[in-house]
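Heads up: the sequence shown runs through residues 0 to 432, numbered per numbering that gives the first Met the number 0. Before any comments, here is the structure.
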Amino acid sequence: MSAATPTRPSGQRSRKDLACTVAASAYQKQFGADLRRRVVDDGEPFAIVQADTPHEIFHVMDIPIITNQWWSAYISAKQLSNHYFEVMAQAGYPKNSCKYCSLGLACTLANDPRTAPWGGLPKPTVLVARMTCDCIQHVFGQWADALGSEFFPMEAPAWEHKDPRWFAHSRDQWEQVYDADRIALAVSEMRDLIALLENRTGRKFDEAKLHYLMERINEQEGYIWEAAQAIGKARPCPVSIAEQMPNTMIPQWHRGSDWAVGHARRFRDEVMERIAAGEGTAANEKIRLMWIGAGVWHDPGFYQALEERMGAVFVWSMYMPFAGPQYIREVQGRPMEALASRICSMNEVLHLPPWMNGWMTSEAERCGIDACVVLLPPENRLSQSGTKITAEALEKAGVPVLMIDADMVDAANWDHDRMVGMVAEFLQKRGLA
Numbered sequence: 000m001s002a003a004t005p006t007r008p009s010g011q012r013s014r015k016d017l018a019c020t021v022a023a024s025a026y027q028k029q030f031g032a033d034l035r036r037r038v039v040d041d042g043e044p045f046a047i048v049q050a051d052t053p054h055e056i057f058h059v060m061d062i063p064i065i066t067n068q069w070w071s072a073y074i075s076a077k078q079l080s081n082h083y084f085e086v087m088a089q090a091g092y093p094k095n096s097c098k099y100c101s102l103g104l105a106c107t108l109a110n111d112p113r114t115a116p117w118g119g120l121p122k123p124t125v126l127v128a129r130m131t132c133d134c135i136q137h138v139f140g141q142w143a144d145a146l147g148s149e150f151f152p153m154e155a156p157a158w159e160h161k162d163p164r165w166f167a168h169s170r171d172q173w174e175q176v177y178d179a180d181r182i183a184l185a186v187s188e189m190r191d192l193i194a195l196l197e198n199r200t201g202r203k204f205d206e207a208k209l210h211y212l213m214e215r216i217n218e219q220e221g222y223i224w225e226a227a228q229a230i231g232k233a234r235p236c237p238v239s240i241a242e243q244m245p246n247t248m249i250p251q252w253h254r255g256s257d258w259a260v261g262h263a264r265r266f267r268d269e270v271m272e273r274i275a276a277g278e279g280t281a282a283n284e285k286i287r288l289m290w291i292g293a294g295v296w297h298d299p300g301f302y303q304a305l306e307e308r309m310g311a312v313f314v315w316s317m318y319m320p321f322a323g324p325q326y327i328r329e330v331q332g333r334p335m336e337a338l339a340s341r342i343c344s345m346n347e348v349l350h351l352p353p354w355m356n357g358w359m360t361s362e363a364e365r366c367g368i369d370a371c372v373v374l375l376p377p378e379n380r381l382s383q384s385g386t387k388i389t390a391e392a393l394e395k396a397g398v399p400v401l402m403i404d405a406d407m408v409d410a411a412n413w414d415h416d417r418m419v420g421m422v423a424e425f426l427q428k429r430g431l432a
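Below is the structure:
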C-alpha cells in the first residue's frame, strides 16, 4: 500500500473573535493527546461509538470513547479522506458509501500506521451504534471484524408520536413526546451494554453518579441554550456559527464535566458581553443565514467568507440551539429513562419529518433568518431524509433555500471560492443582495 499523501487543502481557517474559542480548541487538543495516551500508549479499554449513543454511560464508568463523527472530522482535517476513500474503492466497496460514518472504517482498512492519525486505532472493547439507517450496521459490523472486536447494536424503533412541535415539550414531558415503549427499550439495551462493559473492563456503573451527571449536563446545556436565545434576538449577530460550533460541540463531547460546564458558562458570558457592547461578527450585517447540515470540517472559514463583502452572516446551525430541546431533561428521579429519551430520538429529530422541518422552520422564525443554505451530501442517506421536505417548508415560510452538493468530510468536490461564489450568486438572484 502506498503511503497516503494529504490532499492540497482548499478550505480556509475561521477567524476567532472570542477568547473562549481559542480556549476550547486548546483544551480539545490536549484532550486528544491524553486520549491517545490512554488508548494507544497505555492500552486502556475504550469504545468506538456513534454520536447518538449514550456517552454518559461511558463517562460515569470512566471508559474512554472515540466518537465516530469526531474521528472522521479529525481525519478530514488532516486532509487524508480522499486517500482512505480510494482505499475503500480499491477493496471493492461502493464509491457511493456514506462517507461521514465510514471514514474511520476506511482508515482502519488502509492499515497504514505511518500516516494514519495515532498510527491507527487499536482494538476497542466494543463498538456501539444505533441502527438509524440501512448501512450503519454494515459499517460498524465490518469495522468490529477488522479490529477484532465486537459490535453492540442499539435499535432505532418507529416513533408513533409525531409532534412537529416536539421541542416545546421535550424537557419535562419526555415520556409522552418520545414514547414510553421506545424509552423502555433503550433503557433495557443500556443495561445490557453496562453489563458488557462491567464484565469486560472490571469497572462499575453507579446510577447515582449518572443522576449527578445528568443534572450537571442540564446546567451546561442551559448556558448554551441561554446564549442561543440571545443570539437569535440580537442585532447584529455577535457570534457566527464558525465559533458557535466549537464552543458548543467541544464541551458536548465532555458533557457534564467540570470543564464543560465552566466553558459553557464562559461562552454564555462572552456572548452576552458582545451583545451588550453592540459588537457583531460582521461590520455591517445585512443578511441573516441559516446552515442546515453537519459542519464543513475541512473549510471552517467558509462560514465567514461573505460577512464583509455582502454583510451575510451565518447566524444559525443545529448544534447550538439543539442543546435546549434535545439535551436538557428534567430527571424526575429516573436518570436512565431521562437519558434514554435523549438518545432514542437524537438522529430522528435532526433528519426526519415532521420533527426536522417543524423545529427548523420555528428556529428560522425565531432568529429572523433571511435565507438558508442546506448541505446535501450526495452519498449520506440519512442527511438527505428530511432535507427536501424541510427546504419546502422553509420556502413556504418565505425563507429562500440553496442546496449545495457537498460532503462534510470529503473535500474531493469542494472548492472554497466556487462554493462562496455559489452562495453569493444565490443571494443576488433571490434579491437579498
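Backbone N, C-alpha and C fix where the C-beta goes; we use that ideal spot for every residue, glycine too.
Proximity to residue i [Cα-Cα], best of the options
i, options, result
"V127", "E362, A304, T66, I223", "T66"
"A152", "I327, L184, D416, A25", "Reading the sequence as shown, one finds Pro at residue 152 and not Ala. Nearest option by C-alpha distance: L184."
"C134", "V39, Y326, S101, Q331", "S101"
"L401", "G231, L375, P250", "L375"
"M345", "G397, A227, G231, V176", "V176"
"G323", "K98, Q49, I216", "I216"
"H350", "T386, C19, I342", "T386"
"E364", "E394, E336, E347", "E394"
"P399", "A405, I327, S384, A432", "A432"
"M289", "T360, R264, A259, E329", "T360"
"G332", "E307, E347, Y222, L209", "L209"
"F315", "M309, K232, D180, A337", "Per the sequence presented here, residue 315 reads as Trp, with Phe not at that position. Checked all of M309, K232, D180, A337; the closest Cα to W315 is K232."
"Q78", "C19, D298, Y222", "D298"
"H415", "Q303, V312, R164, S148", "Q303"
"W165", "E362, A229, D369, F425", "E362"
"I342", "P163, V419, D178, A293", "D178"
"R328", "H160, A115, A167", "A167"
"A226", "M271, Y211, G261", "M271"
Range of the contiguous alpha helix (DSSP H) that encloses residue i
i, result
"T107", "98-109"
"V125", "That residue, V125, is in no alpha helix (DSSP H); its beta strand (DSSP E) goes 125-129."
"F266", "257-275"
"C132", "Where C132 is concerned, there is no enclosing alpha helix (DSSP H), given that its DSSP letter is neither H nor E."
"V422", "415-428"
"L393", "386-395"
"W290", "Counting along the chain, W290 falls outside any alpha helix (DSSP H), though it belongs to the beta strand (DSSP E) covering 286-291."
"G357", "354-366"
Cα-Cα separation, residue i to residue j
i, j, result
"A2", "A90", "Confidence is the limiting factor: at A2 the pLDDT is only 46, short of 50, which leaves the residue's position unreliable and the question unanswerable from this model."
"P123", "L192", "14 angstroms"
"E218", "R254", "10 angstroms"
"N95", "V422", "26 angstroms"
"Q243", "R113", "34 angstroms"
"G430", "R417", "20 angstroms"
"G119", "E284", "44 angstroms"
"A76", "S24", "14 angstroms"
"G277", "A241", "19 angstroms"
"V125", "R37", "16 angstroms"
"C266", "P156", "Here residue 266 turns out to be Phe, not Cys, going by the sequence shown. Distance between the alpha carbons of F266 and P156 is about 36 angstroms."
"E206", "N246", "29 angstroms"
"S71", "E174", "33 angstroms"
"V48", "A337", "20 angstroms"
"A105", "D51", "21 angstroms"
"M87", "V330", "44 angstroms"
"P237", "Y318", "17 angstroms"
Opening and closing residue of the beta strand (DSSP E) in which residue i lies
i, result
"A304", "Neither: A304 is in no beta strand (DSSP E) and is coded neither H nor E."
"P152", "150-153"
"A370", "370-374"
"V400", "400-403"
Cβ neighbours of residue i in the same chain (closer than 7 angstroms, five flanking residues each side left out)
i, result
"K62", "Before going further, note that residue 62 is Ile rather than Lys in the sequence given. Same-chain partners within the cutoff: P44, F45, A46, L196, T200, R202."
"A339", "I182, A185, V186, M189"
"T107", "G119, L120, W142, A145, L146"
"S256", "none"
"V21", "K15"
"F321", "none"
CB contact below 8 angstroms: residue i versus chain D
i, result
"L108", "Among the protein chains of the structure shown there is no chain D, as only one such chain exists."
Contact set for residue i: own chain, Cβ-Cβ below 6 angstroms, skip 5 residues either direction
i, result
"G367", "R287"
"A259", "Q219, P250, H253"
"T6", "Legend: pLDDT at T6 = 49, less than 50; position of this residue unreliable, no value from coordinates given."
"A392", "N356, T360"
"F150", "L126, F139, G140, A143"
8 angstroms Cβ shell around residue i - same chain, five flanking residues per side excluded
i, result
"M130", "Q136, P152, M153, E154, A155"
"M213", "E55, G255, R328, V330, P334, A337, L338"
Can you list the alpha helix (DSSP H) stretches of 4 or more residues lying completely in the region 306-348, in chain order? Within the region 306-348, the complete alpha helix (DSSP H) runs of at least 4 residues are 306-309, 334-342.
Just list the beta strand (DSSP E) runs in the region 1-88, keeping only unbroken ones of 3 residues or longer that don't cross its boundaries, in chain order. As summarised for the region 1-88, the continuous beta strand (DSSP E) elements at least 3 residues long and confined to that stretch are 46-48, 64-66, given in chain order.
Considering only residues of the region 160-215, which uninterrupted beta strand (DSSP E) runs meet the minimum length of 3 residues and lie entirely inside it, listed in chain order? Here no run is fully enclosed.
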